[in-house]
Amino acid sequence: MGSMFRSEEVALVQLFLPTAAAYTCVSRLGELGLVEFRDLNASVSAFQRRFVVDVRRCEELEKTFTFLQEEVRRAGLVLPPPKGRLPAPPPRDLLRIQEETERLAQELRDVRGNQQALRAQLHQLQLHAAVLRQGHEPQGEPATWMTFLISYWGEQIGQKIRKITDCFHCHVFPFLQQEEARLGALQQLQQQSQELQEVLGETERFLSQVLGRVLQLLPPGQVQVHKMKAVYLALNQCSVSTTHKCLIAEAWCSVRDLPALQEALRDSSMEEGVSAVAHRIPCRDMPPTLIRTNRFTASFQGIVDAYGVGRYQEVNPAPYTIITFPFLFAVMFGDVGHGLLMFLFALAMVLAENRPAVKAAQNEIWQTFFRGRYLLLLMGLFSIYTGFIYNECFSRATSIFPSGWSVAAMANQSGWSDAFLAQHTMLTLDPNVTGVFLGPYPFGIDPIWSLAANHLSFLNSFKMKMSVILGVVHMAFGVVLGVFNHVHFGQRHRLLLETLPELTFLLGLFGYLVFLVIYKWLCVWAARAASAPSILIHFINMFLFSHSPSNRLLYPRQEVVQATLVVLALAMVPILLLGTPLHLLHRHRRRLRRRPADRQEENKAGLLDLPDASVNGWSSDEEKAGGLDDEEEAELVPSEVLMHQAIHTIEFCLGCVSNTASYLRLWALSLAHAQLSEVLWAMVMRIGLGLGREVGVAAVVLVPIFAAFAVMTVAILLVMEGLSAFLHALRLHWVEFQNKFYSGTGYKLSPFTFAATDD
Numbered sequence: 026m027g028s029m030f031r032s033e034e035v036a037l038v039q040l041f042l043p044t045a046a047a048y049t050c051v052s053r054l055g056e057l058g059l060v061e062f063r064d065l066n067a068s069v070s071a072f073q074r075r076f077v078v079d080v081r082r083c084e085e086l087e088k089t090f091t092f093l094q095e096e097v098r099r100a101g102l103v104l105p106p107p108k109g110r111l112p113a114p115p116p117r118d119l120l121r122i123q124e125e126t127e128r129l130a131q132e133l134r135d136v137r138g139n140q141q142a143l144r145a146q147l148h149q150l151q152l153h154a155a156v157l158r159q160g161h162e163p164q165g166e167p168a169t170w171m172t173f174l175i176s177y178w179g180e181q182i183g184q185k186i187r188k189i190t191d192c193f194h195c196h197v198f199p200f201l202q203q204e205e206a207r208l209g210a211l212q213q214l215q216q217q218s219q220e221l222q223e224v225l226g227e228t229e230r231f232l233s234q235v236l237g238r239v240l241q242l243l244p245p246g247q248v249q250v251h252k253m254k255a256v257y258l259a260l261n262q263c264s265v266s267t268t269h270k271c272l273i274a275e276a277w278c279s280v281r282d283l284p285a286l287q288e289a290l291r292d293s294s295m296e297e298g299v300s301a302v303a304h305r306i307p308c309r310d311m312p313p314t315l316i317r318t319n320r321f322t323a324s325f326q327g328i329v330d331a332y333g334v335g336r337y338q339e340v341n342p343a344p345y346t347i348i349t350f351p352f353l354f355a356v357m358f359g360d361v362g363h364g365l366l367m368f369l370f371a372l373a374m375v376l377a378e379n380r381p382a383v384k385a386a387q388n389e390i391w392q393t394f395f396r397g398r399y400l401l402l403l404m405g406l407f408s409i410y411t412g413f414i415y416n417e418c419f420s421r422a423t424s425i426f427p428s429g430w431s432v433a434a435m436a437n438q439s440g441w442s443d444a445f446l447a448q449h450t451m452l453t454l455d456p457n458v459t460g461v462f463l464g465p466y467p468f469g470i471d472p473i474w475s476l477a478a479n480h481l482s483f484l485n486s487f488k489m490k491m492s493v494i495l496g497v498v499h500m501a502f503g504v505v506l507g508v509f510n511h512v513h514f515g516q517r518h519r520l521l522l523e524t525l526p527e528l529t530f531l532l533g534l535f536g537y538l539v540f541l542v543i544y545k546w547l548c549v550w551a552a553r554a555a556s557a558p559s560i561l562i563h564f565i566n567m568f569l570f571s572h573s574p575s576n577r578l579l580y581p582r583q584e585v586v587q588a589t590l591v592v593l594a595l596a597m598v599p600i601l602l603l604g605t606p607l608h609l610l611h612r613h614r615r616r617l618r619r620r621p622a623d624r625q626e627e628n629k630a631g632l633l634d635l636p637d638a639s640v641n642g643w644s645s646d647e648e649k650a651g652g653l654d655d656e657e658e659a660e661l662v663p664s665e666v667l668m669h670q671a672i673h674t675i676e677f678c679l680g681c682v683s684n685t686a687s688y689l690r691l692w693a694l695s696l697a698h699a700q701l702s703e704v705l706w707a708m709v710m711r712i713g714l715g716l717g718r719e720v721g722v723a724a725v726v727l728v729p730i731f732a733a734f735a736v737m738t739v740a741i742l743l744v745m746e747g748l749s750a751f752l753h754a755l756r757l758h759w760v761e762f763q764n765k766f767y768s769g770t771g772y773k774l775s776p777f778t779f780a781a782t783d784d
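Here the sequence shown stands for residues 26 to 784, numbered as in this note's numbering.
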């Protein structure tokens, strides 16, 4: 989990590869996928690099392979996958592979040309025979051509006729006048056709043999040549030493993989008698981000990376997204039935994930679902949980436990008549009646609320307040995660000048709103519900420093507490705006007072004191962040620093208001999903259940109605509503949560690997 919480430590490594073993070393690194090469010849064009000839030969081979592949597809055959993992062939084998491939391609061209010529010749003989046969034999099947008999006198007329027939691409055959001569010519044509068919059969059998050899050569050849080309392209990024005895490469590599890198280089260059060397070198460039994932975490990391790849070693939101994303989705999608269908669909994909047919499916929509199968699994599981909380299963409430309400007590005290009950199928639940409330429901919402007329107003209040509480907690957690970034990067001044004011502003205003909600839940009973104060009015008066006489206080000295919190929150704004810029300017001016000689001595001592990179880690937190701090090292421009901090302050302060309101989408989407499910049940299933009471009639009626209900449930409630809830949960994580601590301005480590080629 350590590498998931923060990206792994990545080092810049310099490789010294002996010329004789450079190809073998790079090939071995491609099999392991440990390093990402840096281009040391960026100023050199692709046509002037050392191994450009070898790359061109590989590209020519790939063109030949493309021709062979088209011929195989033309013959209606399917290329088998290569067997096993094939290493990149030695450079001396390139000429052999090229000769075999060219010879096979030439044979295929010759055989295919002979086949086409024989087929054309056979077609001409068959046409000639058909023309001669029309004179004395009845037509069998309708002909697909028209036959004209042309007689002429004189050679000039014959030349004109030939020009006309050539213009219309007509076939011209001699037509003998005597019938016996035509019969003799017809027999001769039939004999020639039979001989040509035998020759054509032999040609096609030989073609099948050539294609069989192509099927044996092509799959491994494509893999090997592709790997060989990748190796030469990597070698083209290396520079040549002054003695031309070794190649020098620079690559990013995880510190965790440095021992494996050393071992791979040593084993690959052992045969040449000179060992390849790798050692760490200091670098001020920001290293790439490396976060290892598995089948389960890949989809959640993909959600984070879609917003932006994290900076080197900043806090990674993915571990927390594993829990928060499915949960926030489930808050909007809470239904036991719908969640169970989603869970079973994802579970089927998880159980079948190792089947080749499932992996090889080319449908893009299926691949999207398959890559996010574990995400869908948790989304369905959390939706089942929140469905039990809401007590909704396909919009129907379930009575798992006995209800905590006694309707009899309410009926006895209300004096409802039979006529009143006949007109009012749904009654308002009033907890302020003696003996009506027997105790809390063990888990979730009491099913009696589904029969109450005030069901919607009760759920509205509950889900709206729940959304605000979840939103404030989620945002505050994002601000707290920024503490780990400041401590890790050695920017402890930001703890006092940014994190503390942000938490004070957020919790002093909206955290206090959460406190009011919870306090009212705990302290205001049903007997006082009619005269209960309004939290919304209190919150508005808090900013206006006013008081509404009709809205009584929740607790003593509430106005003093609210005024203090507002003043404290407003006092945090100038600290956020000016604290960090003034600190950076003060530190920058203090550095400028140092003498240049002292700075040179300090830089020299810093270089000499660098630890052994092959054993120890980086020398400071700034190096862990990918070089020295840009704000400290670059020339500080006060206007830019103030502008940047002003944007950050305005974005955070206004964002606290808009982001808190944005979490109300949890309430809105949850209510919309429940109401849409209720409408679908009422408009389809309820009508179907009321059409017939007899068993036979009900069976006939319910089959198409249930089919329509199932199709619309999947299409509308699962696919459309699920996609809507997914997108809203995605926005809550990207905008409301991640922007509190996550910059997403890094780039991924893209190791040189043959994994895609092998797959």
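Even for Gly, the Cβ is constructed at its ideal location relative to N, Cα and C. Everything numeric in this text was worked out from a predicted model, so none of it was measured.
Where the beta strand (DSSP E) through residue i begins and ends
i, result
"valine 361", "Careful: valine 361 lies outside any beta strand (DSSP E), inside the alpha helix (DSSP H) at 361-376."
"alanine 303", "302-305"
"alanine 36", "35-43"
"valine 299", "Where valine 299 is concerned, there is no enclosing beta strand (DSSP E), given that its DSSP letter is neither H nor E."
"glutamate 61", "60-63"
Extent of the continuous alpha helix (DSSP H) run through residue i
i, result
"proline 312", "It is not in any alpha helix (DSSP H) - proline 312 carries neither H nor E in the DSSP assignment."
"cysteine 278", "Element bounds for cysteine 278: not the alpha helix (DSSP H) but the beta strand (DSSP E), 271-279."
"leucine 402", "398-415"
"cysteine 263", "Looking at the DSSP string, cysteine 263 is not in any alpha helix (DSSP H), and its letter there is neither H nor E."
"threonine 49", "47-57"
"phenylalanine 751", "746-756"
Simplified DSSP state of residue i, which is helix, strand or coil
i, result
"glutamine 151", "helix"
"glutamine 203", "coil"
"serine 68", "coil"
"alanine 113", "coil"
"phenylalanine 468", "coil"
"cysteine 418", "strand"
"leucine 578", "coil"
"phenylalanine 445", "helix"
"phenylalanine 358", "helix"
Status (buried if at least 16 other CB within 10 Å, exposed otherwise) for residue i
i, result
"valine 461", "buried"
"glutamine 338", "buried"
"phenylalanine 570", "exposed"
"methionine 26", "Reliability fails at methionine 26, whose pLDDT of 44 lies under 50, so the model's placement of it is uncertain and the value that follows must be treated cautiously. Exposed, by the Cβ-count rule."
"arginine 517", "exposed"
"serine 324", "buried"
"lysine 490", "buried"
"methionine 708", "exposed"
"serine 70", "exposed"
"methionine 597", "buried"
"asparagine 416", "buried"
"threonine 453", "exposed"
"cysteine 681", "buried"
Own chain, CB closer than 7 Å to residue i, minus 5 neighbours either side, in chain order
i, result
"proline 465", "Gly429"
"serine 176", "none"
"asparagine 641", "Confidence is the limiting factor: at asparagine 641 the pLDDT is only 33, short of 50, which leaves the residue's position unreliable, though a coordinate-based value still follows. Same-chain partners within the cutoff: there are none."
"arginine 74", "Asn66 and Asn261"
"cysteine 271", "Phe41, Leu42, Pro43 and Thr44"
"asparagine 319", "none"
Close-in-space but distant-in-sequence residues of the same chain around residue i (CB under 8 Å, 5 per side omitted)
i, result
"glutamine 262", "Phe62, Arg63, Asp64, Leu65, Asn66 and Ala274"
"leucine 283", "Ala36, Val38, Ala303, Arg305 and Ser639"
"leucine 705", "Ser420, Phe734, Met737, Thr738, Ile741 and Leu742"
"proline 427", "none"
Same chain, Cβ closer than 6 Å to residue i, five either side skipped, listed in chain order
i, result
"leucine 150", "Leu214, Gln217 and Ser218"
"leucine 534", "Ala594"
Given 8 Å, three or more beta-carbon pairs between the stretch 363-371 and the stretch 407-427: yes
Inter-stretch contact at 8 Å, needing at least 3 Cβ pairs: the stretch 131-145 / the stretch 227-240: yes
Given 8 Å, three or more beta-carbon pairs between the stretch 748-762 and the stretch 494-504: yes
Stretch-stretch touch, CB-based, cutoff 8 Å, three pairs: the stretch 245-258 with the stretch 102-119: yes
Segment contact, 8 Å Cβ cut-off, at least three pairs: the stretch 77-85 with the stretch 280-294: no
Contact the stretch 338-357 vs the stretch 521-528: 3+ CB pairs below 8 Å: no
Touch test, the stretch 602-614 against the stretch 670-688, Cβ-Cβ under 8 Å, three pairs minimum: yes
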